[in-house]
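Notes to accompany the following structure.
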DNA sequence: GTGGTCTAGACCACG
DNA sequence: GTGGTCTAGACCACT
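Residue numbers (this note's numbering), protein chains in the order written: chain W, 2 to 128; chain Y, 2 to 128; chain C, 2 to 128; chain G, 2 to 128.
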């Protein structure tokens, strides 16, 4: 039985159902969820992450319309397919916008690099 | 007469009044608004950026409780003071979380560096 | 279901939302509202005391930023905690100022004592 | 030349013009302003206490309608008459309401007595 | 049903 | 003109 868990950020302005959608996609991209595999049932996931059933239901419903998961009547949802490239592209586009924003706010490249190094470790320039 | 303008992103999940708060803080940090200077009146800013008066009022009210601006009855709001360090710290903390998230999602350091270079220009490592 | 009611003084210069805030705090101090308990929903209280929904919403929002109550999305607000000592201290400080004022205006101690006796009953000095 | 000064409490919800009215009445009651005497001119008082001319003008206008002061064309306002008894009665009525309120909020007689003693000095019960 | 946000329009106190 | 407050009514996200 697959168990999924991830934290929900209630202070974020991103709706909970969207956070769930993103996390599911992430799991697929990272290979933790593979094509044909069942995702946790709505009720189980809802209970595990501590949100309302309707919220998970909405996330799954939208993922289904996007073709990421596929409903199997009476059984649940199975992972269908996910365009990984597009997923990454979107993420990087978001990053681009955030960095532009920070630059505009007067944050220097150096500061960003420090954080980058902090998070990803290692030197910025490997010889 | 000081004129302020900035776009509001209605597709964002961030409430309009918070977007306004952030922009005002940004202006102060960047020195476009200086201590003792009047910010645009609620009505004027509301009209300029195309939102309701109450929305700007709420933004200003919260900025006032945070001590960033100060209301002068019948005259308007003047810039009080803003802890620039804290402002930047928060921004960088947010960046840290975003990068951690991206790393977790499988985005490589190289990809982030590319975007960084794209946005900030120049080489990553100056000899 | 908890029912709350109190009158709003529209002749007072104190804004309605502040009157609501004070009443809620008072209820907590007096133990009529206990930690963890839900306060009436914004809509219900608004209807009960005959004010607009937004007015109650503002009162609750400010109480929340003060940490007195805590919002639970889709469920309501629960009582968090209230520094009773501080609440009383503020009240007594206000009283102190009022009495100073009265004294300055030439009201005698005797007169105040009479009122005090009237309101609180009993003798001033129990032998 | 009579000079008047008193502080305005901008944090109070009581409108400034009402604060001015009360202070003028107080001065009369306390004998600092006597019948027939000129009160400071609107402009002078406004400047002295740091408020707008219109605000003082409004206070004087209302005091005039109440018969407390009397306009002398081209010269200013002179003190007319003030029903001292009524003035005190109102003050004491206000005090009564405040004490009732405090009692309701759970403040004990003892605490009020302490403040009373603090402000007025001396013992509560003089033998 | 809940809270959160926003709009449109109003009145008051103050300058 | 300024900010401060309030109303009426709307849509959204969430339980």
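All C-beta atoms in this analysis are idealised placements derived from N, C-alpha and C, irrespective of residue type, glycine included.
>> Is there a C-beta anywhere in chain W that falls below 8 Å from the one on residue 14(Y)?
In response: On the second chain, position 13 is the one that residue 14(Y) refers to. It does; some Cβ of chain W falls within 8 Å.
>> Tell me the residue span of the beta strand (DSSP E) that contains residue 78(W).
In response: Numbered from 1 along the first chain, position 77 holds the residue referred to as residue 78(W). Unbroken beta strand (DSSP E) run through residue 78(W): 77-80.
> Among 20(G), 37(G) and 49(G), which residue has its Cα nearest to the Cα of residue 4(G)?
Replying inline: One-based indexing of the fourth chain puts residue 4(G) at position 3. The candidate whose alpha carbon is nearest that of residue 4(G) is 49(G).
>> With three or more beta-carbon pairs closer than 8 Å as the criterion, would you say the stretch 97-107 of chain Y touches the stretch 4-20 of chain C?
In response: No, the stretch 97-107 of chain Y is not in contact with the stretch 4-20 of chain C.
> Roughly how far, in whole angstroms, is the beta-carbon of residue 73(W) from the beta-carbon of residue 61(W), given that I think they are within contact range, below 8 Å?
Replying inline: As a position in the first chain, residue 73(W) is number 72, starting the count at 1. As a position in the first chain, residue 61(W) is number 60, starting the count at 1. Wrong, their Cβ atoms sit about 12 Å apart, outside the cutoff.
>> Less than 8 Å between the beta carbons of residue 57(Y) and residue 43(Y), yes or no?
In response: Taking the first residue of the second chain as 1, we reach residue 57(Y) at position 56. Taking the first residue of the second chain as 1, we reach residue 43(Y) at position 42. In contact: residue 57(Y) and residue 43(Y) (Cβ atoms closer than 8 Å).
> Any beta-carbon of chain C closer than 8 Å to the one on residue 64(G)?
Replying inline: Walking along the fourth chain from the start, residue 64(G) turns up at place 63. Not closer than 8 Å to any Cβ of chain C, the Cβ of residue 64(G) fails to qualify, so no.
>> 8 Å is my cut-off, CB to CB: does residue 22(Y) come that close to chain W?
In response: As a working mapping, residue 22(Y) is identified with position 21 in the second chain. No, no contact with chain W.
> So the alpha helix (DSSP H) residue 19(W) belongs to, where does it begin and stop?
Replying inline: Locating residue 19(W) in the first chain gives position 18, where the first residue counts as 1. 17-30 is the span of the alpha helix (DSSP H), which, as asked, contains residue 19(W).
>> I want to verify the contact list: residues of chain Y whose CB lies under 9 Å from the CB of residue 97(W), in sequence order.
In response: Your numbering for residue 97(W) matches position 96 in the first chain. In chain order: 116, 119 and 120.
> Among 12(G), 63(G) and 82(G), which one has its Cα closest to the Cα of residue 28(G)?
Replying inline: Residue numbering aside, residue 28(G) sits at position 27 when the fourth chain is read from its first letter. Looking from the CA of residue 28(G), the closest CA among 12(G), 63(G) and 82(G) belongs to 82(G).
> Hey, how far is the Cα of residue 104(C) from the Cα of residue 40(G)?
Replying inline: Counting from one through the third chain, the residue named residue 104(C) turns up at place 103. Counting from one through the fourth chain, the residue named residue 40(G) turns up at place 39. The straight-line gap from Cα to Cα measures roughly 23 Å.
> Mind listing which residues of the stretch 65-99 of chain Y have their C-beta closer than 7 Å to chain W's C-betas, in chain order?
Replying inline: The residues in question are 89, 92, 93, 96, 97 and 99.
>> For residue 107(C), would you say it is in contact with chain G, using Cβ-to-Cβ distances shorter than 8 Å as the test?
In response: By one-based count along the third chain, residue 107(C) stands at place 106. Nearest CB-CB separation between residue 107(C) and chain G: below the 8 Å threshold.
> Relative to the C-alpha of residue 88(W), which residue among 12(W), 9(W) and 25(W) is closest?
Replying inline: Here residue 88(W) is taken as the residue at index 87 of the first chain, counted from 1. Among 12(W), 9(W) and 25(W), the Cα nearest to that of residue 88(W) belongs to 25(W).
> What span of residues does the beta strand (DSSP E) with residue 92(Y) cover, start to end?
Replying inline: If you number the second chain from 1, residue 92(Y) lands on position 91. Counting along the chain, residue 92(Y) falls outside any beta strand (DSSP E), though it belongs to the alpha helix (DSSP H) covering 85-105.
>> Does chain G have any CB closer than 8 Å to the CB of residue 1(C)?
In response: With chain C covering 2 to 128 only, the question about residue 1(C) has no answer from this structure.
>> Closest to residue 33(Y) by C-alpha separation, out of 94(Y), 7(Y) and 55(Y), would be which residue?
In response: Reading the second chain from its first residue, position 32 is the one you call residue 33(Y). Ranked by Cα distance from residue 33(Y), the first of 94(Y), 7(Y) and 55(Y) is 7(Y).
> Shorter than 8 Å from the beta carbon of residue 113(G) to some beta carbon of chain C?
Replying inline: Your numbering for residue 113(G) matches position 112 in the fourth chain. Yes, residue 113(G) counts as interfacial toward chain C.
> Would DSSP call residue 39(Y) helix, strand or coil?
Replying inline: Within the second chain, the letter at position 38 stands for residue 39(Y). Strand at residue 39(Y).
> Is it the case that the Cβ atoms of residue 30(C) and residue 106(G) are separated by a distance below 8 Å?
Replying inline: Residue 30(C) sits at position 29 when you count from the first residue of the third chain. Residue 106(G) sits at position 105 when you count from the first residue of the fourth chain. For the 8 Å CB-CB criterion, residue 30(C) and residue 106(G) form a contact.
>> If distances are taken between C-alpha atoms only, which option among 115(W), 111(W), 119(W) and 122(W) comes closest to residue 122(Y)?
In response: The residue labelled residue 122(Y) in the question sits at position 121 within the second chain. Across the set 115(W), 111(W), 119(W) and 122(W), the C-alpha of 111(W) shows the shortest separation from the C-alpha of residue 122(Y).
> Checking contacts by CB at 8 Å: is residue 35(C) closer than that to chain G?
Replying inline: In the third chain, counting from the first residue as 1, residue 35(C) sits at position 34. It does not: the Cβ of residue 35(C) has no partner Cβ on chain G nearer than 8 Å.
> Tell me which same chain residues have a C-beta within less than 6 Å of the C-beta of residue 47(W), skipping the five on either side of it?
Replying inline: Here residue 47(W) is taken as the residue at index 46 of the first chain, counted from 1. Apart from the 5 residues on each side of it in sequence, residue 47(W) sits with its Cβ closer than 6 Å to the Cβ of 54 and 57 in its chain, given in chain order.
> If you measure beta-carbon to beta-carbon, which residues of the stretch 39-65 of chain W are closer than 9 Å to chain Y?
Replying inline: Flagged: no residues at all.
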